[in-house]
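A short worksheet on the structure shown next.
2 protein chains.
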Amino acid sequence: MTTVLVYHDLPISKYLMNQRAGLTVRGVDTSEEALLALPDADVFVTNPSGWEDRFLAGLDRGDWVQATSSGYTAFPVETFRERGITFTNATGNYDAAVSEHVFALAFALSRGLPTFIDSQREHDWQREHGTALTDWTGKTMTIVGLGSIGNTIAERALAFGMDVYGTKRSPDDYEGVLADERVIASDDWRSVLPETDLLVLTVPLTPDTRGMVAAAAFDALPDSAVLVNVARGPIVDEAALVDALEAGDISGAGLDVFETEPLPPESPLWELEDVIITPHVGGRSAVFVERFADLFLDNYDRRRAEESLRNAIVE
Amino acid sequence: MTTVLVYHDLPISKYLMNQRAGLTVRGVDTSEEALLALPDADVFVTNPSGWEDRFLAGLDRGDWVQATSSGYTAFPVETFRERGITFTNATGNYDAAVSEHVFALAFALSRGLPTFIDSQREHDWQREHGTALTDWTGKTMTIVGLGSIGNTIAERALAFGMDVYGTKRSPDDYEGVLADERVIASDDWRSVLPETDLLVLTVPLTPDTRGMVAAAAFDALPDSAVLVNVARGPIVDEAALVDALEAGDISGAGLDVFETEPLPPESPLWELEDVIITPHVGGRSAVFVERFADLFLDNYDRRRAEESLRNAIVE
Numbered sequence: 001m002t003t004v005l006v007y008h009d010l011p012i013s014k015y016l017m018n019q020r021a022g023l024t025v026r027g028v029d030t031s032e033e034a035l036l037a038l039p040d041a042d043v044f045v046t047n048p049s050g051w052e053d054r055f056l057a058g059l060d061r062g063d064w065v066q067a068t069s070s071g072y073t074a075f076p077v078e079t080f081r082e083r084g085i086t087f088t089n090a091t092g093n094y095d096a097a098v099s100e101h102v103f104a105l106a107f108a109l110s111r112g113l114p115t116f117i118d119s120q121r122e123h124d125w126q127r128e129h130g131t132a133l134t135d136w137t138g139k140t141m142t143i144v145g146l147g148s149i150g151n152t153i154a155e156r157a158l159a160f161g162m163d164v165y166g167t168k169r170s171p172d173d174y175e176g177v178l179a180d181e182r183v184i185a186s187d188d189w190r191s192v193l194p195e196t197d198l199l200v201l202t203v204p205l206t207p208d209t210r211g212m213v214a215a216a217a218f219d220a221l222p223d224s225a226v227l228v229n230v231a232r233g234p235i236v237d238e239a240a241l242v243d244a245l246e247a248g249d250i251s252g253a254g255l256d257v258f259e260t261e262p263l264p265p266e267s268p269l270w271e272l273e274d275v276i277i278t279p280h281v282g283g284r285s286a287v288f289v290e291r292f293a294d295l296f297l298d299n300y301d302r303r304r305a306e307e308s309l310r311n312a313i314v315e
Numbered sequence: 001m002t003t004v005l006v007y008h009d010l011p012i013s014k015y016l017m018n019q020r021a022g023l024t025v026r027g028v029d030t031s032e033e034a035l036l037a038l039p040d041a042d043v044f045v046t047n048p049s050g051w052e053d054r055f056l057a058g059l060d061r062g063d064w065v066q067a068t069s070s071g072y073t074a075f076p077v078e079t080f081r082e083r084g085i086t087f088t089n090a091t092g093n094y095d096a097a098v099s100e101h102v103f104a105l106a107f108a109l110s111r112g113l114p115t116f117i118d119s120q121r122e123h124d125w126q127r128e129h130g131t132a133l134t135d136w137t138g139k140t141m142t143i144v145g146l147g148s149i150g151n152t153i154a155e156r157a158l159a160f161g162m163d164v165y166g167t168k169r170s171p172d173d174y175e176g177v178l179a180d181e182r183v184i185a186s187d188d189w190r191s192v193l194p195e196t197d198l199l200v201l202t203v204p205l206t207p208d209t210r211g212m213v214a215a216a217a218f219d220a221l222p223d224s225a226v227l228v229n230v231a232r233g234p235i236v237d238e239a240a241l242v243d244a245l246e247a248g249d250i251s252g253a254g255l256d257v258f259e260t261e262p263l264p265p266e267s268p269l270w271e272l273e274d275v276i277i278t279p280h281v282g283g284r285s286a287v288f289v290e291r292f293a294d295l296f297l298d299n300y301d302r303r304r305a306e307e308s309l310r311n312a313i314v315e
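In order, the protein sequences belong to chains Y and G. full-length UniProt numbering puts the first residue of the first sequence at 1, with every later residue one more than the last. full-length UniProt numbering puts the first residue of the second sequence at 1, with every later residue one more than the last.
As structure tokens, this is what we get:
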């Protein structure tokens, strides 16, 4: 008999119930409830914003923590390792939504949708804006951060006839859709900027990546380049981005993440032309819970079969 | 020495000039000028809205008419054939822009961009709308009309992890990216509607296709389905579409073409939720002229080498 405790604001526990004989599912809504229930649970499912270090007291050697997120800096990974607690994340689960969000932003800019949506509100047939449209076929995309999401974006960009570069800390470790010579070491990422038409950020926020996209990068990009950020806001120097957009050093941006969230009402980004702002929803999808349940149940089956788990950070 | 006469509002003649020794390029701005210049020209480049049947008087046996468009019902094809005039169109030249326009509309709807763009105008961080987002991975797209554009859309949808059907008058003639069992005869197109999440229209307007997407089709689609029309407006029964959207028989639409264009200000389509309207700009792209010049010069070289031309309608 295995008991899984789910502490999450989405109906994950509902999707896990009655899926496996011998798996008892309990959902809780508050951290106090979670704290009380943890000692009786074998598996704990939560997200980084739900995690509190006091939960460690309720976890025993051999227990398993499954994060619903891809990022896991909020979890005490080293303590899990020391105490023999298995830890897995949900890498891959956001690939579909985030990569589609990237193309939604990039295509909305190339196909003039902000202007057409504004015109639609006025019942205005603004066909003359057609001269401003373009398409990305044959253009060059550079993806900063060839993780699971970045590689999914690369695969889709190739199907759209784009030339694609990606950056990775250790290019030799890359196993994905791009040819070897298109995978650039992170330290050299600026080398491809002069030929980059669409710069896509999918890299985790670390001391190395904080502020990496700043004035020097905007200067190196062609004036016609577009930035799409679905990673984390602080990777971009936001003041430098505003300057670059105002000066025409790049031509547009699709931004899902910001230095401060919610983006303050006084931010100049709201008003800049050829900027689309979405409120940190790149990973959101109605099918997220379903996909997460599939991942969890697969891992549950693997654990029972004593096979290695998917997305194991500590095993 | 070959003389090409270009009658078009885009700077096509500029892109053809000095590209080939022995090719003289002349651009004209009015049909009167075209009429006067045609007898001295060997090649005539124009679009359907520029064509007038009186131009036939200036065309001799052995001359060549290259349309800048994909559609060519406005051109007197049978007369060209009778008189030994070569006729080519620009099929393929719009594939990139139109297919990107399709995904721009579909992704904008799945990722909530109309709502977020409206919120952006108010400097409003509307994160709660994130619960309405979804993605197309694993969903089913049906493309009505597997021509050059339709096949390009199919290829890209496959890369996005979609299940794809396409319809074709003669499925046996299909040579493209879809497996045989995914290519449906046009007469059977309604059979796949119950499993279609995204219905994309790329079929030419003919007596057979006029009004084909009407109440019966909207009833057959799931309530969650989305329609994208980048073909021609009259293929859809627009009153039935408005009814279906208002009744929730389908959940949204991305529309680039309409029964009457410009779409009249009093059309209810402007105000419907989850409808995006663009003003017949699906094929527009800043790189169109460049792509057309490439096609024309390739055909010019083929003609000199007595090879068969690309996109030959009458050869």
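Just so you know, even glycine gets a beta-carbon here, dropped at the ideal spot from N, CA and C.
Boundaries of the alpha helix (DSSP H) around residue 79(Y): 77-83. Rounded to the nearest angstrom, the gap between the Cα atoms of residue 85(Y) and residue 42(Y) is 10 Å.
DSSP places residue 227(Y) in the uninterrupted beta strand (DSSP E) bounded by 226-229. With respect to residue 183(Y), residue 15(Y) sits apart: the two C-beta atoms are not nearer than 8 Å. In the DSSP assignment, residue 201(G) falls outside any alpha helix (DSSP H) and within the unbroken beta strand (DSSP E) covering 198-201. Note on geometry: alpha-carbon atoms of residue 201(Y) and residue 162(Y) lie some 17 Å from one another. DSSP, reduced to helix, strand and coil, places residue 19(Y) outside both helices and strands of the structure shown, so it counts as coil.
For residue 126(Y), there is no enclosing alpha helix (DSSP H), as DSSP marks it with neither H nor E.
Ranked by how close their Cα comes to the Cα of residue 20(Y), the residues 298(Y), 181(Y), 307(Y) have 298(Y) in first place.
Between the alpha carbons of residue 250(G) and residue 136(G) lies a distance of about 16 Å. Runs of the beta strand (DSSP E) lying entirely within the segment 84-116 of chain G and spanning at least 3 residues, in chain order: 86-88.
In the three-state scheme derived from DSSP, where H, G and I count as helix and E and B as strand, residue 143(Y) is classed as strand.
Under the Cβ distance rule, residue 276(Y) counts among the residues neighbouring chain G, one pair being separated by less than 8 Å.
Approximately 6 Å separates the beta-carbon atoms of residue 134(Y) and residue 287(G); this is inside 8 Å, confirming the contact.
In this structure, the beta-carbon distance from residue 301(G) to residue 280(G) does not fall below 8 Å. In the structure shown, residue 193(G) falls within a helical segment according to DSSP collapsed to helix, strand and coil. For residue 2(G), the pairing in a beta bridge is given by DSSP as 23(G). For residue 285(G), the nearest CB of chain Y lies under 8 Å from its own CB, placing it at the interface with that chain. When C-alpha distances from residue 70(G) are compared across 210(G), 303(G), 271(G), 205(G), the shortest belongs to 205(G). Apart from the 5 residues on each side of it in sequence, residue 152(G) sits with its Cβ closer than 7 Å to the Cβ of 95, 99 in its chain, given in chain order.
As DSSP reads the structure, residue 250(G) sits in no beta bridge. Excluding the 5 residues flanking it on each side, residue 102(G) has same chain C-beta neighbours closer than 6 Å at 153, 200, 228, 230, in chain order. Between residue 96(Y) and chain G, the shortest Cβ-Cβ separation is below 8 Å.
One finds nothing in chain G with a Cβ atom closer than 9 Å to the Cβ of residue 268(Y); even the nearest lies about 11 Å away. Spatial neighbours of residue 6(Y) in its own chain (CB-CB distance under 6 Å, excluding positions within 5 residues in sequence) are listed in chain order as 12, 13, 27, 45.
If you draw a straight line from the Cα of residue 91(G) to the Cα of residue 190(G), it is about 27 Å long.
Under a criterion of Cβ atoms nearer than 9 Å, no residue of chain Y is adjacent to residue 3(G); the nearest Cβ is some 29 Å distant. Using a Cβ-Cβ cut-off of 7 Å, residue 117(Y) is close to 114, 117, 276 of chain G, given in chain order. Nearest CB-CB separation between residue 265(Y) and chain G: below the 8 Å threshold. Counting the other CB atoms within 10 Å of its CB gives residue 291(G) a total of 16 or more, which places it among the buried residues. Under the DSSP assignment, residue 235(Y) falls outside any beta strand (DSSP E); it carries neither an H nor an E label. The Cβ atoms of residue 308(G) and residue 97(G) do not sit closer than 8 Å to each other. Taking a Cβ-Cβ cut-off of 8 Å, the neighbours of residue 262(Y) in chain G comprise 125, 127, given in sequence order. Taking the Cα positions, residue 226(G) is about 9 Å away from residue 109(G). Interface annotation, residue 69(Y): not in contact with chain G, CB-CB separation never under 8 Å.
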